[in-house]
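*Asks:*
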Ligand code: CFM
Ligand code: HCA
């Protein structure tokens, strides 16, 4: 009897079967060396859910910075796609050099036409910068390159240097052409390198009157998540210097080297910055999870352990107790209605891990989880980093080497104490998705539409959490489906209150009477794979 994975892939040609099999594992804790193939190019012809390098750079990391004008140099479609869909929210800063400035709702594009592709688009880019300056007078501008820009060789860096001289502002040029690298993750890396080189460290704000200075890295304020996390952190007594990059401010990011601790939420998109900040400025980083009641409480306790301050620890416990008390009744109500159900989680590079805790709070078990573009360390933990072979990204993206900044480097905690702390909290450490996943659950890299359908037919989950490109497939199969990238129109889902928003939305999805009007294909057509009960029993 074939196992579930072999059965699901059996319609593939032999070569594709072999390739895809390496990207799928069934969690088995008896087997300590479960490895997975990741960060490789998608098999041509397969309908992947991945995005491109430009999406990772402009759409994900750079775009949420509110007090900059982000100009996309390329055809209008690239700008339009990245306009507002990600739901990264922002409000203008109340003080500082960019107070009152928020350009997040706008979509700036050079709108390249065929003639620009033939004769070059630099003139149009210069004109776009001039127009942006006249209309908005921003303190900083970003330029993101799309595919044709790289192909025709427009020099966006030269245009940026010239504009800096002309207008006396900072202009950051990102060579994040969509085709570069494997996926969005290449774009994260390009964006991060530039922040380290040209932004962080440029600020000189003094935080010596503040205690517990932190940065939040890899949190993009989708549906207001960062706001909900900050609400709780502020209540405990933390001072957030900068968030990268949700509700982000270029002025704040310039001062990010002043923090005592960096919190790393999305390891995939930001681990480079965390590592480089430690090398350059001595700031340790802590792996956090703001999603899920237990996970968030644990993160708050880990932070208190790091700072080792009696008052802060007491305040942490008091705030956790207060927040839990406020949601107690709803947790109980939704747990009763949702528990015992099963879910598929399929998102970009970190949520499929983070959301497992939130689902389990309400008694929902994750039976399949996958990432679009994570790297092996996101699955297997950071200890595999030295063994990861060079990939397509390595050829295209600069591997930045940073050095100690003698002027700004600080020993925040003695090396001995740091080693002690590493034994109790995840300092500079990420153990990855596999170790935390339920036994027997399926873990998939770069899940595609064909596999989505097949695994739904075999495992029949009660819920499917994913992105816009595949939720409808699941819905038409009669499975409740919800977008976990943009949260559809809802959120925040982070923190204590966010957990209840998530449960309420999921509950609505599960109990809506509309399911009565959908007939799952397996009720009317023969199964494309064998007998479900038999398959599940044999695994
Ligand atoms: Fe990190 Fe993200 Fe994600 Fe991501 Fe994304 Fe996103 Fe995502 Mo969409 S940075 S890896 S590139 S948590 S945009 S906010 S939801 S795929 S799981
Ligand atoms: C991106 C952005 C995206 C897309 C989501 C989706 C997001 O990768 O370009 O496919 O529904 O979160 O908005 O991941």
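Residue numbers (full-length UniProt numbering): 1 to 539.
Quick reminder that beta carbons are idealized off the backbone N, C-alpha and C, glycines included.
1. Under 8 Å by Cβ, that's how I've got residue 79 and residue 72 pegged, so tell me the actual separation to the nearest angstrom.
2. So, helix, strand or coil for residue 239, using DSSP?
3. If you run the structure through DSSP and keep just helix, strand and coil, what is residue 209?
4. Which same chain residues end up closer than 7 Å to residue 424 when comparing Cβ atoms and leaving out the 5 residues on each side of it in sequence?
5. By the three-class DSSP mapping on this structure, what secondary structure does residue 3 have?
6. Can you tell me where the alpha helix (DSSP H) with residue 540 in it begins and where it stops?
7. State yes or no: is the C-beta of residue 498 nearer than 8 Å to some heavy atom of the ligand CFM?
8. Just verifying my parser: in three-state terms, what is the DSSP assignment at residue 481?
9. Is the beta carbon of residue 85 within less than 8 Å of some heavy atom of the ligand HCA?
10. Between residue 470 and residue 346, is the Cβ-Cβ spacing less than 9 Å?
11. Counting C-beta neighbours from all protein chains within 10 Å, is the total for residue 627 16 or more, i.e. buried, or is it exposed?
12. Excluding five sequence neighbours on each side, which residues of the same chain lie with their C-beta closer than 7 Å to the C-beta of residue 288?
13. If you draw a straight line from the alpha carbon of residue 104 to that of residue 32, how long is it in whole angstroms?
14. Going by C-alpha to C-alpha distance, which of 140, 516, 147, 36 sits closest to residue 52?
15. For residue 162, which of helix, strand or coil comes out of DSSP?
16. Under 8 Å: does the beta carbon of residue 60 sit that close to some heavy atom of the ligand HCA?
17. Run through DSSP, which three-state label would residue 366 get?
18. Which residue from 75, 91, 211, 138 puts its Cα closest to that of residue 145?
19. Is the beta carbon of residue 347 within less than 8 Å of some heavy atom of the ligand SAH?
20. What is the DSSP secondary structure of residue 272, counted as helix, strand or coil?
21. Would you kindly work out how many angstroms separate the C-alpha atoms of residue 113 and residue 81, rounded to a whole number?
22. Which parts of the segment 408-472 are runs of the alpha helix (DSSP H), unbroken and 4 residues or longer, counting only runs that do not cross its ends?
23. For residue 403, which three-state DSSP category applies?
24. Could you spell out the range, first to last residue, of the beta strand (DSSP E) harbouring residue 345?
25. Note down, in chain order, each residue of its chain lying with its Cβ closer than 7 Å to the Cβ of residue 439, except the 5 sequence neighbours on either side.
26. Is it buried or exposed, residue 41, if we count other Cβ atoms within 10 angstroms and call 16 or more buried?
27. Let me make sure I understand the geometry here. Which of 280, 141, 431, 494 has the alpha-carbon closest to that of residue 166?
28. Could you pull out every residue in the same chain whose Cβ sits closer than 6 Å to the Cβ of residue 164, ignoring the five residues on either side in sequence?
29. At a cut-off of 8 Å, is residue 272 close to the ligand CFM when judged by its beta-carbon and the heavy atoms of the ligand?
30. So does the segment 276-287 actually touch the segment 472-487, counting three or more Cβ pairs closer than 8 Å?
31. Since residue 264 is in the beta strand (DSSP E), which residue starts that stretch and which ends it?
32. By the 10 Å Cβ neighbour count, where 16 or more other Cβ atoms means buried, how is residue 513 classified, buried or exposed?
33. Could you tell me the alpha carbon to alpha carbon distance between residue 498 and residue 232, rounded to whole angstroms?
34. Assuming residue 260 and residue 214 form a contact by the criterion Cβ under 8 Å, report the distance between their Cβ atoms to the nearest whole angstrom.
35. So, are the CB atoms of residue 429 and residue 422 less than 9 Å apart?
36. Please go through the same chain and pick out, in chain order, the residues whose beta-carbon is closer than 7 Å to the beta-carbon of residue 337, but skip the five residues on each side of it.
*Replies:* The short version:
1. Walking along the chain shown from the start, residue 79 turns up at place 79. Walking along the chain shown from the start, residue 72 turns up at place 72. Going by Cβ atoms, the distance from residue 79 to residue 72 rounds to 4 Å, so yes, they are a contact pair.
2. To locate residue 239, count along the chain shown from 1; it is residue 239. Strand, per DSSP.
3. Translated into the one-based positions of the chain shown, residue 209 becomes position 209. Reduced to three states, the DSSP call for residue 209 is coil.
4. Numbered from 1 along the chain shown, position 424 holds the residue referred to as residue 424. Closer than 7 Å at Cβ, skipping near neighbours: 305.
5. Numbered from its first residue, the chain shown carries residue 3 at position 3. It is coil, neither helix nor strand.
6. Outside the shown range of the chain, which is 1 to 539, sits residue 540, and nothing can be said about it.
7. For the purposes of this step, residue 498 is taken as the residue at position 498 of the chain shown. No, the beta carbon of residue 498 sits no closer than 8 Å to any heavy atom of the ligand CFM.
8. Against the chain shown, residue 481 aligns to sequence position 481. Residue 481 falls in the strand class under three-state DSSP.
9. Taking the first residue of the chain shown as position 1, residue 85 is located at position 85. Checking the Cβ of residue 85 against the ligand HCA gives yes.
10. For the purposes of this step, residue 470 is identified with residue 470 of the chain shown, where counting begins at 1. For the purposes of this step, residue 346 is identified with residue 346 of the chain shown, where counting begins at 1. Yes. Within cutoff.
11. One cannot answer for residue 627 here, as it falls past the ends of the chain, which runs 1 to 539.
12. To locate residue 288, count along the chain shown from 1; it is residue 288. Counting only Cβ-Cβ distances below 7 Å, and skipping sequence neighbours, we find 263, 264, 265, 299.
13. On the chain shown, residue 104 is found 104 positions in, with the first residue counted as 1. On the chain shown, residue 32 is found 32 positions in, with the first residue counted as 1. Taking the straight line joining both Cα atoms gives about 46 Å.
14. Taking the chain shown and counting its residues from 1, one reaches residue 52 at position 52. Comparing Cα positions, the closest option is 147.
15. Working through the chain shown from its first residue, we reach residue 162 at position 162. The answer is helix: DSSP assigns residue 162 an H, G or I state.
16. Taking the chain shown and counting its residues from 1, the one referred to as residue 60 is at position 60. Yes, the beta carbon of residue 60 sits closer than 8 Å to at least one heavy atom of the ligand HCA.
17. Residue 366 sits at position 366 when you count from the first residue of the chain shown. Reduced to three states, the DSSP call for residue 366 is strand.
18. Along the chain shown, one-based indexing puts residue 145 at 145. Nearest option by C-alpha distance: 75.
19. Because the ligand SAH does not appear in the structure shown, any question about it cannot be addressed here, the ligands present being the ligand CFM and the ligand HCA.
20. Within the chain shown, the letter at position 272 stands for residue 272. Helix, per DSSP.
21. The sequence position of residue 113 within the chain shown is 113, counting from 1. The sequence position of residue 81 within the chain shown is 81, counting from 1. Spanning the two alpha carbons is a distance of roughly 17 Å.
22. 415-422, 433-436, 449-459
23. Against the chain shown, residue 403 aligns to sequence position 403. Here residue 403 sits in coil by DSSP.
24. Position 345 of the chain shown holds residue 345. Its beta strand (DSSP E) spans residues 342-347.
25. Here residue 439 corresponds to residue number 439 of the chain shown, with the count starting at 1. Hits under 7 Å: 27, 29.
26. Sequence index remark: in the chain shown, residue 41 carries index 41 (1-based). So residue 41 ends up on the exposed side.
27. Position 166 of the chain shown, counting from 1, holds the residue named residue 166. Taking only the C-alpha atoms, the option nearest residue 166 is 141.
28. Along the chain shown, one-based indexing puts residue 164 at 164. Hits under 6 Å: 171.
29. Numbered from its first residue, the chain shown carries residue 272 at position 272. Every heavy atom of the ligand CFM is 8 Å or more from the Cβ of residue 272, so no.
30. Below 8 Å, too few C-beta pairs join the segment 276-287 and the segment 472-487 to call them touching: fewer than three.
31. Working through the chain shown from its first residue, we reach residue 264 at position 264. Counting along the chain, the beta strand (DSSP E) containing residue 264 begins and ends at 261-264.
32. Within the chain shown, the letter at position 513 stands for residue 513. By the neighbour-count rule (16 or more Cβ atoms within 10 Å), residue 513 is not buried but exposed.
33. The residue you call residue 498 lines up with position 498 of the chain shown. The residue you call residue 232 lines up with position 232 of the chain shown. Going by C-alpha positions, residue 498 is about 12 Å away from residue 232.
34. Position 260 of the chain shown, counted from the start, is the residue given in the question as residue 260. Position 214 of the chain shown, counted from the start, is the residue given in the question as residue 214. The Cβ separation is near 7 Å, so the contact holds.
35. Counting from one through the chain shown, the residue named residue 429 turns up at place 429. Counting from one through the chain shown, the residue named residue 422 turns up at place 422. Against a cut-off of 9 Å, the Cβ pair of residue 422 and residue 429 comes out as a contact.
36. Along the chain shown, read from residue 1 onward, the residue named residue 337 stands at position 337. Once the five neighbours on either side are set aside, the close Cβ partners of residue 337 are 507.
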